[in-house]
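Chemist: Residue numbers (the UniProt record's numbering): 1 to 197. Even glycine gets a Cβ: it sits at the ideal position worked out from N, Cα and C.
1. Count the other CB atoms, across all protein chains shown, that sit within 10 Å of the CB of residue 38; report buried if there are 16 or more and exposed otherwise.
2. Quick test of your reading: residue 120 and residue 185, contact by CB under 8 angstroms. State the CB separation rounded to the nearest angstrom.
3. Helix, strand or coil for residue 215? Go by DSSP, reduced to three states.
4. What's the C-alpha gap between residue 163 and residue 194?
5. Just curious, the beta strand (DSSP E) that residue 51 is in, first and last residue?
6. Taking its Cβ as the centre, do 16 or more other Cβ atoms sit within 10 Å of residue 174, making it buried, or is it exposed?
7. Which partner residues does residue 118 have in the DSSP bridge list?
8. Starting from the C-beta of residue 178, find all residues in its chain whose C-beta is less than 8 angstroms away, skip the five residues before and the five after it, and write them out in chain order.
9. Under a three-way DSSP split, which group does residue 148 fall into?
10. Would you decide whether residue 48 is buried or exposed? Buried here means 16 or more other CB atoms lie within 10 Å of its CB.
11. From 196, 191, 145, pick the residue whose C-alpha is nearest to that of residue 29; which is it?
12. Using a threshold of 8 angstroms, state whether the C-beta atoms of residue 73 and residue 156 are closer than that.
13. How big is the Cα-Cα spacing for residue 176 and residue 152?
14. What is the DSSP secondary structure of residue 10, reduced to helix, strand or coil?
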């Protein structure tokens, strides 16, 4: 009589004396740690991004009362930073869902290949979303830092230093979260490969 184990393989018939096959390796402990890292980094990046506000009084060179003007720098003045905010919010929600599922899967001897395949697809999708948001925010941040002399776009980070530090930090931490998601894709792919052998 054939019996099935938890990892979708059939054990040999009893009485043959053969030892049952060992389950494939379960890397969901490492998976859970990486998912917690992605969650922590996306929350940190979001908090730093939404607190990136700087107000400066800038001298105009005109006589009073026009000698100076007050200007603000906020993340919501740029569509690239708004896109980064939305991408981070989606990544946080996704991280919460996958952390819960990873906790339940860590206790199983070997989760199904369908679950691993789905995680590979959705982790790749989230990595792509975060990578594109990081790229767009990074390009605008670079313009703020260096400017563009060909188009007469002046740099602003020499005036709004706090704002630029917040944006740069948020972009860097988002890049770290993207790398974490890429590592998750590699880990799930390796687990799937080990099952197919």
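Modeler: Inspection of the coordinates gives the following:
1. buried
2. 6 angstroms
3. The question about residue 215 has no answer, for the chain in this structure spans 1 to 197.
4. 47 angstroms
5. Residue 51 -> no beta strand (DSSP E), and no H or E assigned at all.
6. buried
7. DSSP lists no partner for residue 118.
8. 127, 130, 131, 134
9. strand
10. buried
11. 191
12. yes
13. 32 angstroms
14. For residue 10, the predicted model reports a pLDDT of 44, less than 50, meaning its position is unreliable; a value from the coordinates is still stated below. Three-state DSSP puts residue 10 in a strand.
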